[in-house]
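Q: Chains A and B supply the protein sequences, listed in that same order. Sequential numbering of the first sequence, starting at 1, is according to the working numbering. Sequential numbering of the second sequence, starting at 1001, is according to the working numbering. Cβ atoms here follow ideal geometry from the backbone N, Cα and C, with glycine treated the same way.
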Amino acid sequence: MAKRLFEITEAEISVDEVVARLADPAIGAVVTFVGVVRGVTEGRETRYLEYEAYAEMAEEALRQIGDEIQARWGTIREVAIVHRVGRLQVGETAVVIALSAAHRRDVFDAVRYAIDRLKEIVPIWKKEVWADGEEWRSEARGGEGMG
Amino acid sequence: MDEERITVSVRFFAAPREALGMGQTEQELPAGATVEDLIHRLVEEHPPLRPYTRFVNVAVNRAYVGMQTELHDGDEVACLPPVGGG
């Protein structure tokens, strides 16, 4: 069964499970980035986040990020990115990015690139909900909305 | 002879989706219409969309395109507000 390396899911994400998708005797290093729902933003207590995705395009965009990484850093063996959608509570995992390589040299730069790029091009949106309001947040403009 | 018409599907997400109260619609256009033509037509028919057109990115068949891209019958268009994943 082929591994699914680039996935939009509604299910809870296990970091260990995503890392296991990269298992390969050739690798000696795995680096992960875990995006977690934060409890305070701009002084407001977050009640929860709603993540929404254009799933078909988002999975292709995640795959594109993997291709870009492997083109730029030839040492990166495999990339996996799993992003969750739906309602997420504070502390829950929204995204896991995992990269593998024979040696650790490039993995730190590559994983930083992956999360920065995800926030640029992947069609996923998050709505922050707090006690008195809600707002769709974006990297580009911080957020616009009511409340 | 009638002018040739095309039909595209249009998807909305996040804040514009909430403003319009719908995630998807179909739009009929004259053949040769561009993305920009589509946006104008959508705003005419759905005025709550107007404020979101200032910062919209458009994808056609899951690839980002420019406003002058020509549309074809059956295209899947998506109006994407500024993204915010991760």
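Spell out a yes or no on whether the region 6-19 of chain A and the region 83-93 of chain A are touching, meaning 3 or more CB-CB pairs, one atom from each, closer than 8 angstroms.
A: At 8 angstroms Cβ cutoff, the stretches touch.
Q: Examine the Cβ distances between the region 1005-1016 of chain B and the region 65-78 of chain A and report whether three or more of them are shorter than 8 angstroms.
A: Judged by Cβ distances under 8 angstroms, the region 1005-1016 of chain B makes no contact with the region 65-78 of chain A, as fewer than three pairs qualify.
Q: Got a sec: is the Cβ-Cβ distance from Gly1074 (chain B) to anything in chain A below 8 angstroms?
A: Against the second sequence, residue 1074 (chain B) aligns to sequence position 74. It does not: the Cβ of Gly1074 (chain B) has no partner Cβ on chain A nearer than 8 angstroms.
Q: Taking Glu45 (chain A) as the reference, which of A:Glu128, A:Glu139, A:Arg137 has the closest Cα?
A: Within the first sequence, the letter at position 45 stands for residue 45 (chain A). Checking every option, the nearest Cα to that of Glu45 (chain A) belongs to A:Glu128.
Q: Let me check understanding here. Comparing Cα to Cα, which of A:Glu10, A:Ile124, A:Ala11, A:Leu88 lies closest to Trp130 (chain A)?
A: On the first sequence, residue 130 (chain A) is found 130 positions in, with the first residue counted as 1. Taking only the C-alpha atoms, the option nearest Trp130 (chain A) is A:Leu88.
Q: Mind checking His83 (chain A): buried by the 16 CB within 10 Å criterion, or exposed?
A: By 1-based counting over the first sequence, the position of residue 83 (chain A) is 83. Per the 10 Å Cβ criterion, buried.
Q: With DSSP collapsed to three states, give me the class of Gln1027 (chain B).
A: Against the second sequence, residue 1027 (chain B) aligns to sequence position 27. Strand, per DSSP.
Q: With a floor of 4 residues, list each alpha helix (DSSP H) that falls wholly inside the region 44-101 of chain A, ordered by position along the chain.
A: Those alpha helix (DSSP H) runs which fall completely within the region 44-101 of chain A and span 4+ residues are 55-72.
Q: Quick one: residues in its chain with C-beta nearer than 7 angstroms to the C-beta of Val34 (chain A), no 5 flanking neighbours on either side, listed in chain order?
A: Indexing the first sequence from 1 puts residue 34 (chain A) at position 34. So the list reads Val15, Thr93, Val96, once near-sequence residues are dropped.
Q: Give every residue of the same chain whose Cβ lies closer than 6 angstroms to the Cβ of Pro1087 (chain B), excluding the five residues on either side of it in the sequence, and list them in chain order.
A: Absent from the model: residue 1087 (chain B). The displayed extent of chain B is 1001 to 1086, so no value can be given.
Q: If you run the structure through DSSP and keep just helix, strand and coil, what is Leu5 (chain A)?
A: For this step, residue 5 (chain A) is matched to residue 5 along the first sequence. In the structure shown, Leu5 (chain A) sits in coil (DSSP, three-state: anything other than H, G, I, E or B).
Q: Mind checking who Tyr1064 (chain B) pairs with in its DSSP beta bridge?
A: Along the second sequence, one-based indexing puts residue 1064 (chain B) at 64. The partner list for Tyr1064 (chain B) (beta bridge, DSSP) reads B:Ala1059.
Q: Within its chain, find whatever has a CB closer than 8 angstroms to the CB of Arg117 (chain A); leave out the 5 residues flanking it on each side and keep chain order.
A: Walking along the first sequence from the start, residue 117 (chain A) turns up at place 117. For Arg117 (chain A), where only same-chain residues beyond five positions count, the Cβ hits under 8 angstroms are Ile65, Glu68.
Q: In this structure, does DSSP put Ile115 (chain A) in helix, strand or coil?
A: Numbered from its first residue, the first sequence carries residue 115 (chain A) at position 115. Reduced to three states, the DSSP call for Ile115 (chain A) is helix.
Q: Using beta carbons (cut-off 8 angstroms, strictly below), is Glu10 (chain A) in contact with chain B?
A: Locating residue 10 (chain A) in the first sequence gives position 10, counting from the first residue. Chain B, which has no Cβ nearer than 8 angstroms to the Cβ of Glu10 (chain A), makes this no.
Q: Tell me, please, whether the CB atom of Met1085 (chain B) is closer than 8 angstroms to any CB atom in chain A?
A: Start at 1 with the first residue of the second sequence, and residue 1085 (chain B) comes out as number 85. Residue identity differs from the one stated: residue 1085 (chain B) is Gly in this sequence, not Met. Output row for Gly1085 (chain B): interface = yes.
Q: For Lys3 (chain A), does the count of other Cβ atoms within 10 angstroms reach 16, so buried, or fall short, so exposed?
A: Along the first sequence, read from residue 1 onward, the residue named residue 3 (chain A) stands at position 3. It counts as exposed.
Q: Do Thr1069 (chain B) and Val1035 (chain B) count as a contact pair if the criterion is CB distance below 8 angstroms?
A: Locating residue 1035 (chain B) in the second sequence gives position 35, counting from the first residue. Locating residue 1069 (chain B) in the second sequence gives position 69, counting from the first residue. A contact, by the Cβ cut-off of 8 angstroms.
Q: Nearest to Val1065 (chain B) by CA position, among A:Ile121, A:Arg112, A:Ala20, A:Val30, is which residue?
A: In the second sequence, residue 1065 (chain B) corresponds to position 65, counting from 1. If we check each option's Cα against that of Val1065 (chain B), A:Ile121 comes out closest.
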